[in-house]
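The numbers in this note's numbering rise by one with no breaks, and the one at position 128 of the sequence shown is 219.
Here is the structure we will look at.
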Amino acid sequence: MDTVVAYNLIGGDEDDYMYDSIDIRPDICPICKNRIKDVPDPYYKVKKKGTYVTTYDHYDIVSEQFRKFCIENNYQNLRFTELVRSKGYYVLEVGEVVYLDEVRGHIEFVNHRDCCGSYDEIICPPLYVSKDRNPPLPKDFIARSYYRYGSFNRKSPVLLVGVETKRKMKEYPLKGLYFRKLFL
Ligand SMILES: [Zn+2]
C-alpha cells in the first residue's frame, strides 16, 4: 500500500484576479504569455477574508493567523508580502521545493517553449512524491512543487505540508484548509 508522506494544502477561492488584465501582468513570459514567476501586487484588496484563499490567477493570500503559525513553527524560506490595503493579509510565496513524481502521476507536459523554458500546460493534479529526487521528507514542513501546474498564464505550484504540519494546523486551529493526500 502507498504511504501518505505529505499533503497538498488547498485553501478557499478568492473569486477575483490579482491582475485584471493579461496586458498588465508582470508575471508572465512576454513572448508565450505563460506564467513564469510570482509578482505580488501589494495594493491588491482582499475580497474574501479567509485563512488561506487563492486568486483566479493563482496568488495565495493568507491571514495574520496563518503567518503567525508559520513564524512560531519556524518554517524556512517563506515570503509574506503585506497587502497594504487589507491589513493583516499577505501574499504567500514558498521557496522550499519538494519534487513530485510526474511519471507515476501520469502528468502530461504540453508544448515546451524555448523562450522561457515553460510548458503551455502541465496537466493532472499530482498524487506522488518523487522517491529519488528528494532527501527523506521531514514530517513538519511547508514546501512547493518544482513545476507550476495548470495552463498558460493560470499556473501555480502545488503547496505541500508535512504529516505533522497538517496535525498542527488543525490543532492551532487554522480553519478553511483542505488537505489532499500525497503518496510516496
Ligand atoms: Zn515563454
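We put the CB at the ideal spot given by N, CA and C, even for glycine.
These numbers were taken from a predicted model, which means no experiment stands behind them.
Judging by CA-CA distance, which residue of Cys-120, Val-96, Asp-151 and Tyr-134 is the nearest neighbour of Gly-102?
Asp-151
Which full runs of the beta strand (DSSP E) of 3+ residues lie inside the segment 208-260, going along the chain?
210-214, 233-242 and 245-253
Quick check on the DSSP output: the alpha helix (DSSP H) that includes Arg-158 runs from which residue to which?
155-163
Does the Cβ-Cβ distance between Leu-251 and Asn-99 come in under 8 Å?
yes
Around ligand 1, Cβ to any heavy atom closer than 6 Å, ordered along the chain:
Cys-120, Ile-122, Cys-123, Asn-125, Arg-204, Cys-206, Cys-207 and Ser-209
If I follow the unbroken beta strand (DSSP E) through Asn-125, where does it start and stop?
Careful: Asn-125 lies outside any beta strand (DSSP E) and carries neither H nor E.
Inspect the CB distances between the segment 103-115 and the segment 212-229 and report whether three or more fall short of 8 Å.
no
How should Lys-136 be labelled, buried or exposed, when 16 other C-beta atoms within 10 angstroms of its C-beta is the threshold for buried?
exposed
Tell me the rounded alpha-carbon separation between Phe-123 and Glu-173.
The sequence shown places Cys at residue 123, rather than the Phe named in the question. Those two C-alpha atoms are separated by around 30 Å.
Go ahead and pull the three-state DSSP assignment for Glu-105.
coil
Boundaries (first-last residue) of the beta strand (DSSP E) holding Arg-116
Neither: Arg-116 is in no beta strand (DSSP E) and is coded neither H nor E.
Going by DSSP in three states, Glu-262 sits in which element: helix, strand or coil?
helix
My assumption, with CB atoms under 8 Å, is that Asn-244 sits in contact with Arg-116. Please give the rounded CB distance.
7 Å
Between Asp-114, Asp-129, Asp-132 and Lys-140, which lies nearest to Lys-266 when the distance is taken from Cα to Cα?
Lys-140
Could you tell me the alpha carbon to alpha carbon distance between Arg-192 and Lys-222, rounded to whole angstroms?
The sequence as given places Asp at residue 192; Arg does not occur at that position. Whole-angstrom Cα-Cα distance: 8 Å.
Name the DSSP beta bridge partners of His-203, please?
Tyr-210
Please state whether the Cβ-Cβ distance between Gly-179 and Ser-209 is less than 8 Å.
no
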